[in-house]
Structure formats: C-alpha cells, structure tokens
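Everything in the sequence shown is counted per my numbering, starting at 9 for the first residue and increasing by one. Glycine included, every Cβ here is placed at the ideal spot set by N, Cα and C. Taking it in order: structure first as structure tokens, then the write-up.
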Amino acid sequence: LDPKSTVERELVLIKVAANESNRSDVLEIVRLFRVRVVDVNPESLTIEATGAEGKIDALLGLLEHYGVIELVRSGAVAVTRGPRALSEKVVGSEVTGR
9 LDPKSTVERE LVLIKVAANE SNRSDVLEIV RLFRVRVVDV NPESLTIEAT GAEGKIDALL
69 GLLEHYGVIE LVRSGAVAVT RGPRALSEKV VGSEVTGR
C-alpha cells in the first residue's frame, strides 16, 4: 500500500518488568512515546501503543532493556485516506449488510 494514500497503524500490548527501582524510567519512556499504561502491579506495567511500525520498533528497543515479559503485536492495519475505500465491495455489502 502506498503510504501517501493510506493510514497504516499497528497495535501492541507490552508487559514489561517494572519494579520500584526502574518504574520511573519505564514511565518516562511511556511519556516520551505518548503511549498508555493499561495495567499496573508491583512487578510490571502493561503498555498499550499504536503507531507506525518504526515507532513500535523503537519503543520495543528501549523497553527490552528492562525485560519484556509478554508481547502481543497486531501487525499492520490500514484504510485509504479520503472518502474512497480499499474495497468498495466490503464497504457496500459485507460491512453495511447491503
């Protein structure tokens, strides 16, 4: 898909080791990347991030230092920019039921 004519994103959930000694460092990375913490416990944080593949890769590269416990990554999803659809058939029949 042409990046100029599509909006493409990935979703990732990352459970990272974050205890009392390193939690503030992990939270600083969360702030810099403008991602969200969706679960907190004494030994880990679960982070939700969406964005381009490069952003996700950069985030993972920094978090690996702290210990990634679990990772789920959606892969790329995309839609076209503007009013047209990738497949008029999908928009016209399968999604709307027409």
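Of the residues Val-85, Glu-51, Ile-37, Val-43, which one's Cα is nearest the Cα of Leu-21?
Working through the sequence shown from its first residue, we reach residue 21 at position 13. Distances from the CA of Leu-21 to each of Val-85, Glu-51, Ile-37, Val-43 were compared; the closest alpha carbon is that of Val-43.
Under the rule that 16 or more other beta-carbon atoms within 10 Å means buried, what is Ser-52, buried or exposed?
Residue mapping note: residue 52 aligns to position 44 of the sequence shown, counting from 1. By the neighbour-count rule (16 or more Cβ atoms within 10 Å), Ser-52 is buried.
Which residue spans inside the stretch 16–51 form an unbroken alpha helix (DSSP H) run of at least 4?
Considered as a whole, the stretch 16–51 harbours 31–41 as its complete alpha helix (DSSP H) runs of no fewer than 4 residues, in chain order.
With DSSP collapsed to three states, give me the class of Gly-59.
The sequence position of residue 59 within the sequence shown is 51, counting from 1. Here Gly-59 sits in strand by DSSP.
Between Ala-84, Ile-37, Asn-49, Ala-66, which has its C-alpha nearest Glu-28's C-alpha?
Translated into positions along the sequence shown, residue 28 becomes position 20. Minimum Cα distance to Glu-28 is reached at Asn-49.
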